[in-house]
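Residue numbers (UniProt numbering): 1 to 113. Here the structure is laid out as structure tokens; the discussion comes afterwards.
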Amino acid sequence: MSTITLAPQVSYQPRSVRLTRRGRLVVFTFGVLLAFALGVWFAAGSVATQEGGVEQVEVVTVAPGDTLWDIAADAAAATGEGDVGEMVARIQDMNSLDSSMVYAGQELRIPTE
């Protein structure tokens, strides 16, 4: 006599997931909120300080007989910076001057710090 053994066969067939319109909306909203949260988290690392790039200035009107060197010497003495030539260069840069020629009545921005 012969025996037959029957073993149950298990076959796995992957099922594809289909999202409904509502499901797609939920997945899309989750992605947008995740991107927004990451953006806020990364932006939280940037902090403003008092040491900004804006330089404190004073507006000075050039009097008759004044030279740029005289004005720069006064500004260098007021700020405690000893190099007048460097102060001349800063004033020229701040006021977009091509030369050291200044005119009576001309207003110049002078660094105060």
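Beta carbons: idealized from backbone N, C-alpha and C, even for Gly. Keep in mind that this is a model prediction, so the values were computed, not measured.
Local conformation of residue i per DSSP, three classes
i	result
E86	helix
L108	strand
T29	helix
V59	strand
G39	helix
R24	helix
M94	helix
L34	helix
Under 8 Å between C-beta atoms of residue i and residue j
i	j	result
V62	A104	yes
L68	S100	yes
D112	V57	Residue 112 is actually Thr in this sequence, not Asp. For T112 and V57, yes; Cβs fall inside 8 Å.
R109	M94	yes
V32	L19	no
Limits of the alpha helix (DSSP H) - the one that residue i falls within
i	result
T79	68-79
Cβ distance (whole Å) where residue i is taken to contact residue j below 8 Å
i	j	result
S102	D66	The sequence as given places Val at residue 102; Ser does not occur at that position. Correct: roughly 7 Å between the Cβ atoms.
I91	A77	About 14 Å; that fails the 8 Å criterion.
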